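Under the working numbering, the first residue of the sequence shown is numbered 55, with each subsequent residue one higher.
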Amino acid sequence: MDTITYFVALPFYRTEDGELVPGDAIECADAGRAVREAERLSRLNAGAIAFSRTGDPSLGEFNDATVIRYFGAVPEELLADQGDSGNA
């Protein structure tokens, strides 16, 4: 099994109704870059999250995402099982 870890920064913006919805995900080279990108995105949106996901793309099997850090407003359900990953 060839596993790979993806690092992602994902912004969230608010709709006219105030609902948080995801924007376009940005794949990053490593965890540090994902955190920096999420921080940058949070200044342009309601919030952003940096996370990683490990799995085998050839099988399409991936573990649940692990939150690295979040900034601003993000959906609470994404943080429910993560503990405190540090909101800035």
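For every residue, glycine included, the Cβ atom is placed at its ideal position computed from N, Cα and C.
Predicted, not measured: the structure shown is a model, and the values here were computed from it.
Per DSSP, reduced to three states, the secondary structure at E73 is coil, with no helix or strand assignment. Taking a cut-off of 8 Å on C-beta distances, the segment 84–91 touches the segment 113–129, as three or more cross pairs fall below it. For G109, the three-state secondary structure derived from DSSP is strand. Put simply, the backbone Cα of A127 is about 23 Å away from that of D84.
Counting other Cβ atoms within 10 Å of its Cβ, P111 stays below 16 and is therefore classed as exposed. Burial is judged here by how many other beta carbons sit within 10 angstroms of a residue's own beta carbon; I58 has fewer than 16 and is exposed. Of the residues E81, P65 and E130, the one whose Cα lies closest to the Cα of E93 is P65.
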